[in-house]
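Peer 1:
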Amino acid sequence: MSWLDKIVPSMGRIQRKDRRASVPDGLWRKCPKCEAVLYLPELEKHNSVCPKCDHHLRLTARKRLDWFLDKAGREEIAAEIEPNDRLKFRDSKKYKDRLTAAQKDTGEKDALVAMRGELDGLPVVAVAFEFTFMGGSMGAVVGEKFVRAATLALEENIPLVCFAASGGARMQEALFSLMQMAKTSAALEKLKQAGVPYISVLTDPVFGGVSASLAMLGDLNIAEPNALIGFAGPRVIEQTVRETLPEGFQRSEFLLEHGTVDMIVHRHEMRARVGSVLRKLTHHDATPVSSLSTDDTDVSEPIVEEAALADTADVTFESIEPPKKDTSSTAKSDDHTRNA
Amino acid sequence: MNPNYLDFEQPIAELQAKIEELRLVSSDSQVNLSDEISRLEEKSRKLTESIFKDLTPWQVSQLSRHPQRPYTLDYLEHIFTDFDELHGDRNFADDAALVGGIARLNDAPVMVIGHQKGRDVKEKVRRNFGMPRPEGYRKACRLMEMAERFKMPILTFIDTPGAYPGIDAEERGQSEAIAYNLAVMSRLKTPIISTVVGEGGSGGALAIGVCDELQMLQYSTYSVISPEGCASILWKSATKASDAAQAMGITAERLKELGFVDSLIKEPLGGSHRHPLTTAERVKEALTASLERLQAMDTDALLERRYKRLMSYGASAA
């Protein structure tokens, strides 16, 4: 054995140890599309949109609502509802154990988070699916929470916005899950009859029972770029028709072309765009209800306290304080200019 | 093996073959075998009874897909009179996997809509094995809205493996077509009765299944996914379909216990395909009774009841 062989394993050990010490777990993430390794805090500043290839990574339900709603005046809806294993379902694992594990992993009780809040001062009810909770699948709790959110929107006559990300109905709740499709659709029909706007935002991915009910019933259906959306999954279709699927099949762009969605909106533009649509549908003025005027500041407004804004109306953002999101506000302004 | 019998029915098939043989012999010769034949027939009946007494959910699932089971058009022929089939969604095409039209039940006009499977290979392909495309659901929606305008109750017959998972179906918005029906059916101002006569396959079934009363034939099934599909996802093996069928509780009996089903219609011994006419008669009785109950209500009460019924699904979880 040469001196090099002796020394190399120990060097390896040191290096591994060093890496572990200096790079804490979960500080980096690989973009699933372009495979660029991204620094997590940087990624979060960009609302989890890959700065390299513009791929929209999945967001947790809470992050989604946190980014979408104004900071002030939020109130969670039906947070207390817990799932219940009525069928005592058991496959390779017990459903009860799967639920406990999912609750521990995500910190959520089930796969939907619902909040009443404001979008640039306009009161809205917003709900978001938690995809990491059993694939965002819809069971009794998701259906019930959705209906309570929709009912609140109806009673208060304020718009409902849903961010869907789901594999479909939850198999472990069998027919109870299937019936949530009818239940949520019936609640949405009440909104439609009453003229309360409902916007369905489709994010990656939306399939099965969620796609074939609440997600397709928006007054506007909006998709994030490149999201995979459909009724049957691509694998099932491939097995059924026994031919390869066309390029871009079931992607947002495919849905736009076939008339399923009204528009594809970049995540950085989503707040402004949904706000602008809702202000038209509810006959509000074009400017955001909150005091700020330009679109750019409007986009990044929620991270600043309203009181602080009032005091420092003329001060630029950088000087107010939040290093947290000011790069993203720059990014947004860039996007605006690009698109304009 | 006799293809008209399922694997768990093979002992019955063997006995029936023996009886047929004896019949042939007795018609050919002068020997009187009628005693022996009736003895065997009695034995066959007892055997059938004992086999059908304790069917597993998976066996029920196989029965619900039996190739000789009566389909929607068979019920239309035996239960209703004066049927005019109506075609097309007015936008794209007519879908043969879903049929519908106006007919009379006990002389009163009704709208009948149902999935339709085919009997022979050519017909099966034409009917796409009872799996509708979006135009099928849009036709159903058109007919249901028409029923509302002309104050006709809507009677739907459910028997589908599911909505068609194909490229063209996705292109034309399969999800939207189903979702739209769910929303519309929740508010139609006319009674809706759904009867599951075979397979109730997921969203493809529910898209004509939002109703005021749900009836199920004894050996029909209704589930969120097929037992095979569930098994291949959760057990990672399609051979566990019988476990999946058990776990999901897909049979009429179990769903009645769980509160989804209003009336369970008993099938004749051996299943509805052995005695289609008796089955049709029983379905007719159940439909007539159900319709009488629903037509006694005024429209507002009916709609409120339907909405509450929809909201009650899984609400006790809350």
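Residue numbers (full-length UniProt numbering), protein chains in the order written: chain A, 1 to 340; chain B, 1 to 318. Where is the CB? At the ideal position from N, CA and C, for every residue including glycine.
Identify whether G314 (chain B) lies in helix, strand or coil by the three-state DSSP scheme.
Peer 2: Start at 1 with the first residue of the second sequence, and residue 314 (chain B) comes out as number 314. In the structure shown, G314 (chain B) sits in coil (DSSP, three-state: anything other than H, G, I, E or B).
Peer 1: Along chain B, in chain order, which residues have C-beta atoms closer than 8 Å to that of R90 (chain A)?
Peer 2: Counted from its first residue, the first sequence places residue 90 (chain A) at position 90. The contacting residues are A247.
Peer 1: Going by CA-CA distance only, name the one from B:L214, B:T56, B:T239, B:D35 that's closest to E9 (chain B).
Peer 2: Indexing the second sequence from 1 puts residue 9 (chain B) at position 9. Nearest option by C-alpha distance: B:T56.
Peer 1: Is it the case that the Cβ atoms of E76 (chain A) and M134 (chain A) are separated by a distance below 7 Å?
Peer 2: Within the first sequence, numbered from 1, the residue matching residue 76 (chain A) stands at position 76. Within the first sequence, numbered from 1, the residue matching residue 134 (chain A) stands at position 134. Against a cut-off of 7 Å, the Cβ pair of M134 (chain A) and E76 (chain A) comes out as no contact.
Peer 1: In the DSSP assignment, find the unbroken alpha helix (DSSP H) run with P165 (chain B) in it and report its ends.
Peer 2: For this step, residue 165 (chain B) is matched to residue 165 along the second sequence. First-last for P165 (chain B): undefined, no H or E at that position.
Peer 1: Taking the alpha carbon of G121 (chain A) as the point to measure from, which residue in A:G73, A:E238, A:A102, A:N84 has its own alpha carbon closest?
Peer 2: Residue numbering aside, residue 121 (chain A) sits at position 121 when the first sequence is read from its first letter. For G121 (chain A), the nearest C-alpha among the options comes from A:G73.
Peer 1: Helix or strand or just coil, what does DSSP make of T297 (chain A)?
Peer 2: Locating residue 297 (chain A) in the first sequence gives position 297, counting from the first residue. Model confidence at T297 (chain A) stands at a pLDDT of 42, short of 50, so the residue's coordinates are unreliable and nothing is read from them.
Peer 1: If the cut-off is 9 Å on Cβ atoms, which residues from the region 170-190 of chain A count as contacting chain B, listed in chain order?
Peer 2: Cβ contacts with chain B come from R170, M171, Q172, E173, A174, L175, F176, S177, L178, M179, Q180, M181, A182, K183, T184, S185, A186, A187, L188, E189, K190.
Peer 1: DSSP three-state call for A182 (chain A): helix, strand or coil?
Peer 2: Walking along the first sequence from the start, residue 182 (chain A) turns up at place 182. The answer is helix: DSSP assigns A182 (chain A) an H, G or I state.
Peer 1: Could you work out which residues of chain B lie near V161 (chain A), taking near to mean beta carbons separated by less than 8 Å?
Peer 2: The sequence position of residue 161 (chain A) within the first sequence is 161, counting from 1. The contacting residues do not exist; V161 (chain A) stays about 17 Å from chain B at best.
Peer 1: Output yes or no for whether 7 Å exceeds the beta carbon distance between V283 (chain B) and M216 (chain B).
Peer 2: Here the question's residue 283 (chain B) lines up with position 283 in the second sequence. Here the question's residue 216 (chain B) lines up with position 216 in the second sequence. No, the Cβ-Cβ distance between V283 (chain B) and M216 (chain B) is not below 7 Å.
Peer 1: I'd like to check one pair, L160 (chain A) with V125 (chain A): are the Cβ atoms closer than 7 Å?
Peer 2: As a first step, residue 125 (chain A) must be located in the first sequence, where it is residue number 125. As a first step, residue 160 (chain A) must be located in the first sequence, where it is residue number 160. Yes. Within cutoff.
Peer 1: How many Å lie between K145 (chain A) and I199 (chain A) at the Cα?
Peer 2: Position 145 of the first sequence, counted from the first residue, corresponds to residue 145 (chain A). Position 199 of the first sequence, counted from the first residue, corresponds to residue 199 (chain A). Taking the straight line joining both Cα atoms gives about 17 Å.
Peer 1: What does A102 (chain A) touch in chain B if you count any residue whose Cβ is under 9 Å from its own?
Peer 2: On the first sequence, residue 102 (chain A) is found 102 positions in, with the first residue counted as 1. Within 9 Å Cβ-Cβ: nothing; A102 (chain A) doesn't reach chain B, min ~14 Å.
Peer 1: Please state whether DSSP places I199 (chain A) in a helix, a strand or coil.
Peer 2: Here residue 199 (chain A) refers to the residue found at position 199 when the first sequence is read from its first residue. In the structure shown, I199 (chain A) sits in a strand (DSSP, three-state: E or B).
Peer 1: Any beta-carbon of chain A closer than 7 Å to the one on A318 (chain B)?
Peer 2: Here residue 318 (chain B) corresponds to residue number 318 of the second sequence, with the count starting at 1. In this prediction, A318 (chain B) scores a pLDDT of 43, lower than 50, which makes its location untrustworthy; the coordinate-derived value is nonetheless stated afterwards. Yes - at least one Cβ of chain A is within 7 Å of the one on A318 (chain B).
Peer 1: Chain B beta carbons: is any one of them nearer than 7 Å to that of E144 (chain A)?
Peer 2: As a working note, residue 144 (chain A) is residue 144 in the first sequence. Yes - at least one Cβ of chain B is within 7 Å of the one on E144 (chain A).
Peer 1: Compare the C-alpha of A128 (chain A) against each of A:C34, A:L112, A:A223 and name the closest.
Peer 2: One-based indexing of the first sequence puts residue 128 (chain A) at position 128. The residue with the shortest Cα to Cα distance from A128 (chain A) is A:L112.
Peer 1: Beta carbons nearer than 7 Å to chain A: which residues of the region 60-93 of chain B have them?
Peer 2: Cβ contacts with chain A come from no residue of the region 60-93 of chain B.
Peer 1: State yes or no: is the beta carbon of F87 (chain A) nearer than 7 Å to at least one beta carbon in chain B?
Peer 2: Position 87 of the first sequence, counted from the first residue, corresponds to residue 87 (chain A). It should be noted that the sequence gives Leu, not Phe, for residue 87 (chain A). At least one chain B Cβ lies under 7 Å of L87 (chain A).
Peer 1: How is V141 (chain A) classed by DSSP in three states: helix, strand or coil?
Peer 2: The residue given as residue 141 (chain A) occupies position 141 in the first sequence. V141 (chain A) falls in the helix class under three-state DSSP.
Peer 1: Quick check on P70 (chain B): does DSSP put it in helix, strand or coil?
Peer 2: Indexing the second sequence from 1 puts residue 70 (chain B) at position 70. Residue state, collapsed to three classes: coil.
Peer 1: Can you pull the chain A residues whose beta carbon is under 9 Å from the beta carbon of Q174 (chain B), in chain order?
Peer 2: As a position in the second sequence, residue 174 (chain B) is number 174, starting the count at 1. Simply S211, A212, G230, F231, A232.
Peer 1: Among B:N181, B:Y219, B:Q59, which one has its Cα closest to the Cα of V197 (chain B)?
Peer 2: Looking up residue 197 (chain B) in the second sequence gives position 197. The option with the nearest alpha carbon to V197 (chain B) is B:Y219.
Peer 1: Which two residues bound the contiguous beta strand (DSSP E) that contains S115 (chain B)?
Peer 2: For this step, residue 115 (chain B) is matched to residue 115 along the second sequence. With the sequence shown as reference, residue 115 (chain B) is identified as His, and Ser is not the correct amino acid for it. Note, H115 (chain B): beta strand (DSSP E), 108-115.
Peer 1: Can you pull the chain B residues whose beta carbon is under 8 Å from the beta carbon of I237 (chain A), in chain order?
Peer 2: Translated into positions along the first sequence, residue 237 (chain A) becomes position 237. Correct list: P165, G166, I167, E170.
Peer 1: Helix, strand or coil for P134 (chain B)? Go by DSSP, reduced to three states.
Peer 2: By one-based count along the second sequence, residue 134 (chain B) stands at place 134. Helix at P134 (chain B).
Peer 1: Under 7 Å, Cβ to Cβ, is there at least one residue of chain A near S27 (chain B)?
Peer 2: Counting from 1 along the second sequence, the entry for residue 27 (chain B) is found at position 27. False, the Cβ-Cβ gap to chain A never drops below 7 Å.
Peer 1: For M216 (chain A), which residues in chain B fall below 7 Å Cβ to Cβ?
Peer 2: Along the first sequence, one-based indexing puts residue 216 (chain A) at 216. By Cβ distance, chain B contributes S175, E176, A179.
Peer 1: Do three or more CB pairs link the region 274-294 of chain B to the region 152-159 of chain A at distances below 8 Å?
Peer 2: Because the criterion of three Cβ pairs below 8 Å is not met, the region 274-294 of chain B and the region 152-159 of chain A do not touch.
Peer 1: Report the neighbours of I225 (chain B) on chain A: residues whose CB is nearer than 7 Å to its CB, in chain order.
Peer 2: Counted from its first residue, the second sequence places residue 225 (chain B) at position 225. The answer, in chain order, is M171.
Peer 1: Of all the options B:V112, B:N128, B:M111, B:I113, which has the alpha carbon lying nearest to the alpha carbon of R119 (chain B)?
Peer 2: Reading the second sequence from its first residue, position 119 is the one you call residue 119 (chain B). Checking every option, the nearest Cα to that of R119 (chain B) belongs to B:N128.
Peer 1: Mapping the DSSP letters down to three states, classify P11 (chain B) as helix, strand or coil.
Peer 2: In the second sequence, the residue the question calls residue 11 (chain B) occupies position 11. Looking at P11 (chain B) - three-state DSSP - the assignment turns out to be helix.
Peer 1: Which bits of chain A does V210 (chain B) rub up against, with CB to CB less than 7 Å?
Peer 2: For the purposes of this step, residue 210 (chain B) is identified with residue 210 of the second sequence, where counting begins at 1. Those are A182, listed as they occur along chain A.
Peer 1: Using a Cβ-Cβ distance under 7 Å, would C230 (chain B) count as near chain A?
Peer 2: Here residue 230 (chain B) is taken as the residue at index 230 of the second sequence, counted from 1. At least one chain A Cβ lies under 7 Å of C230 (chain B).
Peer 1: Starting from Q215 (chain B), trace the beta strand (DSSP E) both ways and give me its first and last residue.
Peer 2: The residue labelled residue 215 (chain B) in the question sits at position 215 within the second sequence. Q215 (chain B) -> beta strand (DSSP E) spans 213-217.
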